[in-house]
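Residue numbers (my numbering): 6 to 592. From the three backbone atoms N, C-alpha and C, an ideal C-beta is built for every residue, glycine too.
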């Protein structure tokens with residue numbers, strides 16, 4: 006597994022230089038349509054599509070896996086001077102770690118042989134003309150008998166049945182031993198290839214190939230349904246995100262879908278919450294009351310306060326005070342009120358139950374708020390993936406014909422859609438992040454919601470440009486003169502959106518550490534003043550308050566000595582930082 010010949014190229018692309026995108030255009034705009042000024046209009050797609058970060062993993066096909074496996078077997082066989090089947094048994098025992106095999110073997114060869122069932126001196130089968138099978142006890146000619154290294158003879162038919170049964174039982178067949186109950190000699194792939202049927206040999210080979218991935222701590226299968234690629238991961242300082250050749254991205258650590266910026270523990274809690282019965286109980290508690298007689302929960306979604314429980318109970322009661330309806334009527338307030346309830350409430354009789362119901366309702370509303378937005382972004386991401394596939398399959402060729410542009414010059418569109426898909430994923434998980442953000446950390450919560458809102462606004466502009474504005478050029482009857490302007494605009498939006506989301510991910514992964522407790526109240530004020538701090542937006546152009554126009558040159562804008570406005574993109578940053586969290590520009 007030491008080879009790096011098949012390192013997978015990153016899907017990310019280098020953004021244009023910071024000067025490419027005008028300092029007057031920021032992420033704070035709420036308007037999707039507007040003018041975009043760019044400094045450099047000579048960007049070449051082929052020069053900008055380079056990897057931003059070298060991946061710390063390798064994608065392995067079935068051919069690669071077999072090649073690496075054969076290489077490890079040959080290496081161990083050569084160094085230890087043993088047969089290939091014996092080397093395979095050793096590697097399987099030590100989870101395909103060549104170094105562990107070498108260390109154990111040279112430390113205590115005798116114990117290693119005993120543990121895996123490899124005899125130092127193989128025993129020959131008795132050289133008799135006829136031999137008795139140890140399983141069926143029939144007598145056969147010598148040439149119809151076979152034995153492992155231990156020399157215990159069994160007929161070929163019994164061997165075939167023994168091997169077939171073991172293979173049918175699953176991967177345990179890779180640790181097959183001699184059929185003799187008193188013998189622990191290993192039965193390797195050489196015996197399987199010699200005696201098993203073709204189907205059993207194929208199954209055994211598949212189990213052996215799978216064990217090379219599943220027993221090795223550095224490799225895992227891609228969890229996408231139907232995918233046959235594996236991933237070799239090199240631990241380091243990089244992220245756990247892995248993007249397979251099948252286009253599925255997942256987290257190496259927990260094998261759930263890629264979920265930066267939230268950690269694996271938060272993802273596990275969120276997924277459990279989405280599927281657990283706890284939310285059902287919360288809904289029942291918040292939206293129903295128990296029948297006073299049979300205690301079954303009842304939902305009141307319309308009508309008066311006169312409730313009749315379902316059969317066989319059929320108890321009639323008042324929804325407000327849960328008392329028997331026979332004791333109610335005009336004198337107690339009629340069908341739509343209950344003076345007994347009002348009087349009891351004033352005396353505090355219903356305080357606890359009402360408090361619990363109110364808490365459940367608030368909890369449910371809060372969860373619903375985050376879940377709906379999480380699910381909406383997931384749906385938008387799936388739609389963007391479908392649009393990306395459609396663009397690659399047919400629309401790109403159509404656009405090339407309509408605008409008289411070679412497809413190689415239209416890669417900026419694919420890059421935009423790839424960025425949309427990735428940003429939808431990040432934005433989706435920010436809602437899980439927000440749900441578990443502690444309520445008492447008001448400064449962090451307000452700052453997080455501000456950053457999240459800016460990210461959503463910027464992504465919507467990019468998505469609209471790639472989806473709706475592109476359609477104009479797809480529907481055109483002839484090449485349009487402003488197509489190059491559209492190219493510049495879409496490439497610029499892609500670059501800025503990518504930079505913003507990368508910085509957002511870094512900020513959330515560090516726990517928004519720039520929002521300290523000492524200046525939390527001052528930092529909180531940024532949320533209420535975000536419009537004046539970040540930008541004045543009209544028609545897609547952005548100018549920071551306190552900054553001069555392009556002709557007059559920019560100047561920094563500080564608010565209450567706790568925030569500074571970036572010269573380059575006008576984003577409002579905490580004073581404790583020296584680098585803009587949006588565009589990486591230094592103060």
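In angstroms with no decimal places, state the Cα-to-Cα distance between residue 111 and residue 85.
In the chain shown, the residue the question calls residue 111 occupies position 106. In the chain shown, the residue the question calls residue 85 occupies position 80. Between residue 111 and residue 85, the C-alpha separation is close to 9 Å.
Going by DSSP, what residue range makes up the alpha helix (DSSP H) through residue 194?
Numbered from 1 along the chain shown, position 189 holds the residue referred to as residue 194. Its alpha helix (DSSP H) spans residues 194 to 200.
Please state if the CB of residue 491 and the CB of residue 465 are separated by a distance shorter than 8 Å.
Residue numbering aside, residue 465 sits at position 460 when the chain shown is read from its first letter. Residue numbering aside, residue 491 sits at position 486 when the chain shown is read from its first letter. Residue 465 is not a Cβ neighbour of residue 491, given a cutoff of 8 Å.
Cβ-based burial, residue 299 [other Cβ within 10 Å; buried from 16]:
Mapped onto the chain shown, residue 299 falls at position 294. With fewer than 16 Cβ atoms within 10 Å of its Cβ, residue 299 is classed as exposed.
Backbone secondary structure at residue 450 - three-state DSSP
Taking the chain shown and counting its residues from 1, one reaches residue 450 at position 445. In this structure, residue 450 counts as helix in the three-state DSSP scheme.
With DSSP collapsed to three states, give me the class of residue 425.
For the purposes of this step, residue 425 is taken as the residue at position 420 of the chain shown. DSSP places residue 425 in helix when its eight states are reduced to three.
Comparing alpha-carbon positions, which option in 437, 376, 488 and 454 lies nearest residue 414?
Stepping through the chain shown from its first residue, residue 414 is reached at position 409. Comparing Cα positions, the closest option is 488.
Start-to-end residues for the alpha helix (DSSP H) that takes in residue 112
Numbered from its first residue, the chain shown carries residue 112 at position 107. That run of the alpha helix (DSSP H) goes 103 to 112.
Under the DSSP definition of a beta bridge, which residues are partnered with residue 150?
Counted from its first residue, the chain shown places residue 150 at position 145. Note: residue 150 sits in a beta bridge opposite 160.
Reduced DSSP category for residue 392 - H, G, I as helix; E, B as strand; rest coil:
Here residue 392 is taken as the residue at index 387 of the chain shown, counted from 1. In the three-state reduction of the DSSP assignment, residue 392 falls in the helix class.
Within the continuous alpha helix (DSSP H) that includes residue 402, where are the two ends?
Counting from 1 along the chain shown, the entry for residue 402 is found at position 397. Note, residue 402: alpha helix (DSSP H), 401 to 408.
Would you check if there are 3 or more beta carbon pairs closer than 8 Å linking the stretch 80 to 97 to the stretch 188 to 196?
The stretch 80 to 97 makes contact with the stretch 188 to 196: 3 or more CB pairs, one atom from each, lie closer than 8 Å.
Whose CA, out of 478, 435, 205 and 443, lies closest to the CA of residue 460?
Looking up residue 460 in the chain shown gives position 455. Measuring from the Cα of residue 460, the nearest candidate turns out to be 435.
Less than 8 Å between the CB atoms is what I'm expecting for residue 495 and residue 380, so what's the real figure, rounded?
For the purposes of this step, residue 495 is taken as residue 490 along the chain shown, with counting starting at 1. For the purposes of this step, residue 380 is taken as residue 375 along the chain shown, with counting starting at 1. Wrong, their Cβ atoms sit about 28 Å apart, outside the cutoff.
What is the DSSP secondary structure of residue 327, counted as helix, strand or coil?
Start at 1 with the first residue of the chain shown, and residue 327 comes out as number 322. Of the three classes helix, strand and coil, the one that applies to residue 327 here is coil, per DSSP.
With three or more C-beta pairs closer than 8 Å as the rule, is the stretch 428 to 443 touching the stretch 384 to 395?
Counting Cβ pairs under 8 Å, three or more are found: they touch.
Per-residue DSSP class, three states only, for residue 256:
As a working note, residue 256 is residue 251 in the chain shown. Strand.
Beta-carbon gap between residue 77 and residue 101 smaller than 8 Å
By 1-based counting over the chain shown, the position of residue 77 is 72. By 1-based counting over the chain shown, the position of residue 101 is 96. Their beta carbons are under 8 Å apart, which means residue 77 touches residue 101 by this criterion.
Which of helix, strand or coil DSSP assigns to residue 322
Position 317 of the chain shown holds residue 322. Here residue 322 sits in strand by DSSP.
Taking Cβ positions, are residue 233 and residue 67 nearer each other than 8 Å?
Looking up residue 233 in the chain shown gives position 228. Looking up residue 67 in the chain shown gives position 62. Cβ distance < 8 Å, so residue 233 and residue 67 count as in contact.
In three-state terms, what does DSSP make of residue 583?
Within the chain shown, numbered from 1, the residue matching residue 583 stands at position 578. Residue 583: coil per DSSP, three-state reduction.
Look at residue 453 and residue 439 and say whether their C-beta atoms are less than 8 Å apart.
Along the chain shown, one-based indexing puts residue 453 at 448. Along the chain shown, one-based indexing puts residue 439 at 434. Contact flag set, yes.
Buried or exposed, going by whether 16 or more other CB atoms sit within 10 Å of the CB of residue 507?
Numbered from its first residue, the chain shown carries residue 507 at position 502. By the neighbour-count criterion, in which 16 or more other beta carbons inside 10 Å mark a residue as buried, residue 507 falls on the buried side.
I need the boundaries of the beta strand (DSSP E) containing residue 293, first residue and last residue.
Taking the chain shown and counting its residues from 1, one reaches residue 293 at position 288. Following the DSSP letters along the chain, one finds residue 293 inside the beta strand (DSSP E) bounded by residues 293 to 295.
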